[in-house]
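Asker: Before I ask anything, let me first share the structure, which is written out below as structure tokens.
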Amino acid sequence: MADFFTKRLHDYEEHMSIWEKSYQMFADCLPSDCRKLLDLGCGTGLELDRIWQRDPRIEVTGIDLCRDMLDKLQAKHSDKKLVTVCEDYFQYDLGHEMWDAVISFESLYHFLPEQKETLYQKVYHSLEDGGIFLLGDYIACCDDEEELLRNVCLKKRQKQGIAEECFVHFDIPLTLEHETRIMEKVGFHIEKVLEDPDGATIIIAKKE
Ligand SMILES: C[S@@+](CC[C@H](N)C(=O)[O-])C[C@H]1O[C@@H](n2cnc3c(N)ncnc32)[C@H](O)[C@@H]1O
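All residue numbers in the sequence shown are consecutive under our numbering, ending with 192.
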């Protein structure tokens, strides 16, 4: 995964610029009183560019597997309160009641529902009461698409002999119903869903 993003670093931000509108919508969803924020899979921080445009005082911890992406983020925002962590967010201790918001943009669509459930539990515990989990991600349009993509991913794994615990770079988004069901299962209340037909679906989930 880290190698994939290192190879694409030179044109990464240009490639992702098609999501321009979604990044702005995403930043606009953040509550105005947010002070401490954790970003899962922050990359070079395209979502953070917009968030800091709104409020440069926000303190951010960004986790990503790819050191080169994090270095680019640091170089862009050397004037901000920013800590970068080069780790796997499934393994990393997200802390307890530490954050006003945990965010993730276009990073979780490679993972299975059971992996997400474990992560979302950690996200829930890491948030202050009243904190929000803001997810911007690809969403499968229907059960058939979700199942089809999962099957293709499984076949790729089998064909290439990739072990279960190893990562396969293939998109396996969930439907909105399945994604929000996991969030609700771990305790979140779904406050709002914004569906941008040309971009990411944004889910605002609150810890109450
Ligand atoms: C498509 S990029 C999105 C980056 C950024 N959020 C943006 O929208 O520009 C996905 C990022 O998630 C990171 N990532 C994927 N799985 C991860 C994991 N398990 N732990 C930490 N980072 C991860 C990748 O390294 C990559 O930088």
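Glycine included, every Cβ here is placed at the ideal spot set by N, Cα and C. Keep in mind the model is a prediction, meaning the values are calculated, not measured.
1. Taking V86 as part of the beta strand (DSSP E), name the residues at either end of that continuous run.
2. So, is H(-1) buried or exposed, given that buried needs 16 or more other C-beta atoms within 10 angstroms?
3. Is T164 closer than 8 Å to I156 when the C-beta atoms are compared?
4. Figure out for me which residue from K140, E90, D127, E130 has the closest Cα to the Cα of E6.
5. So which of S62, C137, T68 has the shortest CA-CA distance to R51?
6. Indicate whether D23 and L30 have their beta-carbon atoms separated by less than 8 Å.
7. Could you check how far apart the C-beta atoms of L21 and E43 are, in whole angstroms? I think they sit under 8 Å.
8. Got a sec? Which residues, its chain only, sit under 6 Å from K56 by beta carbon, not counting five neighbours each side?
9. Is it true that the CB of V152 sits closer than 8 Å to the CB of E101?
10. Mapping the DSSP letters down to three states, classify I116 as helix, strand or coil.
11. Would you mind working out which of R134, L96, Q105, I87 sits nearest F10, comparing C-alpha positions?
12. Please name the residue or residues paired with V21 in a DSSP beta bridge.
Answerer: Taking the coordinates as given:
1. Numbered from 1 along the sequence shown, position 102 holds the residue referred to as residue 86. Where V86 is concerned, the enclosing beta strand (DSSP E) stretches over 83 to 89.
2. Position 15 of the sequence shown, counted from the first residue, corresponds to residue -1. Counting Cβ neighbours within 10 Å, H(-1) comes out exposed, since fewer than 16 surround it.
3. Counting from one through the sequence shown, the residue named residue 156 turns up at place 172. Counting from one through the sequence shown, the residue named residue 164 turns up at place 180. No.
4. What you label residue 6 is simply residue 22 of the sequence shown in a count that begins at 1. The question names Glu, but residue 6 is Ser in the sequence shown. Nearest C-alpha to S6: E90.
5. Along the sequence shown, read from residue 1 onward, the residue named residue 51 stands at position 67. Residue T68 is the option with its Cα nearest to R51.
6. The residue labelled residue 23 in the question sits at position 39 within the sequence shown. The residue labelled residue 30 in the question sits at position 46 within the sequence shown. Going by C-beta atoms, D23 is not nearer than 8 Å to L30.
7. Position 37 of the sequence shown, counted from the first residue, corresponds to residue 21. Position 59 of the sequence shown, counted from the first residue, corresponds to residue 43. Sure, about 7 Å apart at Cβ, within 8 Å.
8. By one-based count along the sequence shown, residue 56 stands at place 72. Excluding residues within five positions, the ones whose Cβ falls inside 6 Å are T28.
9. If you number the sequence shown from 1, residue 101 lands on position 117. If you number the sequence shown from 1, residue 152 lands on position 168. Going by C-beta atoms, E101 is not nearer than 8 Å to V152.
10. The sequence position of residue 116 within the sequence shown is 132, counting from 1. Looking at I116 - three-state DSSP - the assignment turns out to be strand.
11. What you label residue 10 is simply residue 26 of the sequence shown in a count that begins at 1. That would be I87, whose Cα lies nearest to the Cα of F10.
12. Locating residue 21 in the sequence shown gives position 37, counting from the first residue. The residue you asked about is not Val; residue 21 is Leu in the sequence shown. L21 pairs with V44, A85.
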